[in-house]
Amino acid sequence: MNRSVPSILALCVLLASCAHLMPGRLGEPRPVHVTVNADRKLVVDQEPIYVKAKDATIVWRLPALSRLTFAPGAERIIVTESPVDEFKCSVTDSGKMLTCIDRNTKSGRYKYMLSVQEDGKPLEPLDPTIFNH
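The opening position of the sequence shown corresponds to residue 157 in the working numbering, with each subsequent residue numbered one higher.
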């Protein structure tokens with residue numbers, strides 16, 4: 157028994173250190189990291205974003221030390237052909253994080269347009285997909 161206590165404690169520390177990599181709830185996607193490639197084009201690390209939970213939180217993050225911010229106002233993200241009030245979005249963390257609550261009331265694929273600016277100048281928008289199960 158005495159030998160297993162340190163092993164269990166080490167396992168708990170390891171799992172706790174990885175908790176930030178996991179979504180908040182079962183069925184929610186992990187945070188989406190948005191970057192810019194060498195051609196100054198937006199890139200996301202998940203395409204499509206899979207959502208399985210009702211009222212799931214989708215988070216997009218820009219690099220903290222970059223000059224990138226999400227566009228101000230309603231144009232920062234536009235989800236096309238989705239049911240009314242399916243997505244409620246807001247920008248936080250000084251324009252570096254975009255959060256949407258996905259009600260996930262209807263299964264399907266939804267294109268979204270993500271708008272980012274660098275030093276106040278708009279970059280070409282990106283139009284990936286959210287897939288509600």
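Just so you know, even glycine gets a beta-carbon here, dropped at the ideal spot from N, CA and C.
Use the C-beta contact count for N193: other C-beta atoms within 10 angstroms, 16 or more gives buried, fewer gives exposed.
-> Using a 10 angstroms sphere on the CB of N193, the tally of other CB atoms stays under 16, which defines it as exposed.
When the distance is taken between beta carbons, is I286 closer than 7 Å to D211?
-> No, these two residues do not count as a Cβ contact at 7 Å.
Since I believe E274 is in contact with R217 (beta carbons under 8 Å), could you give me their beta-carbon distance rounded to a whole number of angstroms?
-> Between E274 and R217 the Cβ distance is about 16 Å, and since that is not below 8 Å, they are no contact.
For G251, the three-state DSSP class (helix, strand or coil) | Here G251 sits in coil by DSSP.
Inter-residue Cα distance where the pair is P187 and P204 | Rounded to whole angstroms, P187 to P204 spans 13 Å at the Cα level.
Close-in-space but distant-in-sequence residues of the same chain around P278 (CB under 7 Å, 5 per side omitted) = Hits under 7 Å: A227 and S271.
DSSP on G264, reduced to helix/strand/coil?
-> Of the three classes helix, strand and coil, the one that applies to G264 here is strand, per DSSP.
Anticipated Cβ contact below 8 Å, K262 with P239, distance rounded | Right, their Cβ atoms sit about 5 Å apart.
Ignoring anything shorter than 3 residues or poking outside the segment 214-241, list the beta strand (DSSP E) runs there in chain order.
-> Runs of the beta strand (DSSP E) lying entirely within the segment 214-241, each at least 3 residues long, are 224-226 and 233-235 in chain order.
Are the beta-carbon atoms of V247 and R259 separated by less than 7 Å?
-> In this structure, V247 keeps its C-beta atom at 7 Å or more from the C-beta atom of R259.
State the beta-bridge partners of Q273 as determined by DSSP.
-> In the DSSP output, where bridge partners are listed per residue, Q273 has T225 and P278.
Return the CA-CA distance between V190 and A220, expressed in angstroms with no decimal places.
-> C-alpha separation (whole angstroms): 11 Å.
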